[in-house]
Amino acid sequence: METGEYVAVVSIGDLRPGFMTTHVVEGRDIVIAMTDEGPSVYDGYCSHAEFKLGDCRLRRGCEIECPMHGARFRAVDGEVLKGPATEPLERLESRVEDGRVMVLVDWLL
Ligand code: FES
42 METGEYVAVV SIGDLRPGFM TTHVVEGRDI VIAMTDEGPS VYDGYCSHAE FKLGDCRLRR
102 GCEIECPMHG ARFRAVDGEV LKGPATEPLE RLESRVEDGR VMVLVDWLL
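One point on numbering: in the numbering used here, the residue at position 83 of the sequence shown is 124, and numbering is uninterrupted.
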């Protein structure tokens with residue numbers, strides 16, 4: 042595995058719209074938020090105080106809510122909807138290929 046490669050994480054059919062799932066890819070915790078618009082992939086930690094995000098139901102089907110201090114993020118792009126977070130979630134490059142969610146691994150040395 043080299044940095045700059047796409048890695049298959051999960052079958053798209055295993056993701057339910059309205060839910061977020063946790064995964065580990067090449068040693069990194071990530072989350073995939075599934076909405077009607079498809080999967081969005083983020084670093085697995087909240088941008089506010091690095092709380093580790095977990096499997097959960099999306100609020101109203103389209104918002105990620107951090108259980109630690111209640112910050113909310115738009116599931117499709119990670120933008121902040123409600124504080125205390127001020128920075129968006131860290132989005133990871135991804136695409137769907139052959140029915141699988143592929144994530145660009147760019148964090149290996
Ligand atoms: S760590 Fe997520 S809202 Fe504070």
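We put the beta carbon where it would ideally sit given N, CA and C, even for glycine.
Buried or exposed: where does residue i fall if 16 or more other Cβ atoms within 10 Å of its Cβ makes it buried?
i	result
G95	exposed
G19	Any property of residue 19 remains undetermined from this structure, which presents the chain solely from 42 to 150.
A90	exposed
G85	buried
V144	buried
V146	buried
Out of the options, state which residue places its alpha-carbon closest to the alpha-carbon of residue i.
i	options	result
Y83	V142, V146, G119 and G45	G119
Considering just the uninterrupted stretch of the beta strand (DSSP E) at residue i, what are its terminal residues?
i	result
S135	S135 to E138
Y86	Taken as a continuous stretch (DSSP letters only), Y86 belongs to no beta strand (DSSP E), as it is neither H nor E.
L145	R141 to V146
M61	F60 to V66
R69	R69 to T76
A49	E46 to S52
Inter-stretch contact at 8 Å, needing at least 3 Cβ pairs: the region 94-107 / the region 42-51: With the cut-off at 8 Å, the region 94-107 and the region 42-51 do not touch.
For review: beta carbons within less than 5 Å of any heavy atom in the ligand FES: Taking each Cβ in turn, the ones that pass are C87, H89, A90, F92, C107, M109, H110 and A112.
Cβ contact check for the region 58-72 and the region 96-103: 3 or more pairs under 8 Å: Using a C-beta cut-off of 8 Å, the region 58-72 makes contact with the region 96-103, since at least three inter-stretch Cβ pairs fall below that distance.
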